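To convert a position in the sequence shown, counted from 1, into this note's numbering, add 1. Just so you know, even glycine gets a beta-carbon here, dropped at the ideal spot from N, CA and C. If you're wondering where the values come from, they're calculated on a predicted model, not measured in any experiment. What follows is one structure encoded as structure tokens, with my remarks underneath.
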Amino acid sequence: MSPAASRTASGAMLKSSKTASLARKKIRISFKKLLKRFGRLGWWPAETRDEVIIGAILTQNTNWSNVEKALSNLRNRDYLNLKKLSKINQKRLAELIRPSGFYNQKARRLVAFSNYVYENHGSLEDFFRKDALHLREELLSLNGIGMETADSILLYAADKPIFVIDAYTKRIISRMLGLASEPGYLELQSFMSSAIKSNLEIYKESHAQFVQLAKENCRKKPICASCPLLNLCEYGKNPRTPKTVSK
Ligand code: SF4
């Protein structure tokens, strides 16, 4: 793909059939290269479904090291449990999760989520019995649950094969394909789902691999020389390619 061709708007890039087909091939090759570099990462870093959901809400607008401190506070007091959180005093919860930032808002969201599950479905297992589409709609209707949080819950807690898009994935794909602007969430999700076959373990692993690459190489200021995707990446091969930066 020439630099000129790569400077199309993201929508056109992801939709025009010939370019999109090449881009999908790149994505599949990149996933193999990342696996080779990082090995299997086995995400999400949690031991239970409850912990995944709590972590997915706590990680909104902060980095994971802050979430870990909040999770550790909850773990030490045996509160990594949605049923217990449905009964906890909200102010006490806010204090425990203070390290994750926006702690009053997140405490409200955690309590509301827990109450919703137990009052309307009786258990997390019953809630997750719905098909992915309806479950996603229901999650998105809850206060403070956006698409990334909903999809993280669907993939890692409910075991539904849905591709999670986060700021890291947007950054890497935009740079790799030389997009002029970052694609929207649903547009990129649809593209990634068409590039990588629908498979629960592969979707979990590919999201983890992109996050790892964003931490090690594709940072705000990218370290391209040692990147395993250098040969595939429009920005890496030609740093004048418009670069999009987020998070
Ligand atoms: S080559 Fe550079 S810009 Fe491209 S994915 Fe790697 S680190 Fe990011």
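- Membership of residue 90 in any alpha helix (DSSP H) is not indicated, and neither H nor E is assigned to it by DSSP.
- The Cβ neighbour count for residue 179, taken over all protein chains shown within 10 Å, is at least 16; the residue is labelled buried.
- In this structure residue 44 touches residue 205 by the C-beta definition: roughly 6 Å separates them, less than 8 Å.
- With a beta-carbon spacing of about 6 Å, residue 31 and residue 233 fall inside the 8 Å limit used to define contacts.
- For residue 54, the CB stays at least 7 Å from every heavy atom of the ligand SF4.
- Within the segment 145 to 227, complete alpha helix (DSSP H) segments of at least 4 residues are found at 148 to 153, 168 to 178, 186 to 196 and 201 to 217, given in chain order.
- Boundaries of the alpha helix (DSSP H) around residue 58: 50 to 59.
- The three-state reading of DSSP puts residue 122 in coil, since its state is none of H, G, I, E or B.
- Here the alpha carbon of residue 148 sits roughly 14 Å from the alpha carbon of residue 62.
- When the alpha-carbon of residue 196 is set against those of 227, 183 and 163, the nearest one is in 163.
- With a contact defined as Cβ atoms closer than 8 Å, residue 132 and residue 83 miss out at about 21 Å.
- Residue 186 places its beta carbon 8 Å or farther from that of residue 154.
- The segment 112 to 119 and the segment 79 to 97 touch, with three or more beta-carbon pairs separated by less than 8 Å.
- Considering only 230, 55, 143 and 201, the residue with the shortest C-alpha distance to residue 215 is 230.
- Look at residue 169: its beta carbon is at least 7 Å from all of the heavy atoms in the ligand SF4.
- Those residues that have a beta carbon less than 5 Å away from any non-hydrogen atom of the ligand SF4 are, in order along the chain, 176, 218, 219, 223, 225, 228, 230, 231, 234, 236 and 237.
- Under the three-state reduction of DSSP, residue 24 is assigned to helix.
- Distance check between residue 202 and each of 171, 170 and 161 places 161 closest, using alpha-carbon atoms only.
- Going by DSSP, residue 237 is part of the alpha helix (DSSP H) stretching over 235 to 238.
- Counted as a single uninterrupted DSSP element, the alpha helix (DSSP H) harbouring residue 77 occupies residues 65 to 77.
- Within the same chain, and ignoring the five residues on either side of residue 136 in sequence, the residues whose Cβ sits closer than 8 Å to its Cβ are 128, 129, 155, 159 and 161.
- The closest CA to that of residue 143, considering only 109, 79 and 235, is found on 109.
- Taking 8 Å as the cut-off, the beta carbon of residue 225 is found no closer than this to the beta carbon of residue 173.
- Under the DSSP assignment, residue 136 falls in the alpha helix (DSSP H) whose first and last residues are 133 to 141.
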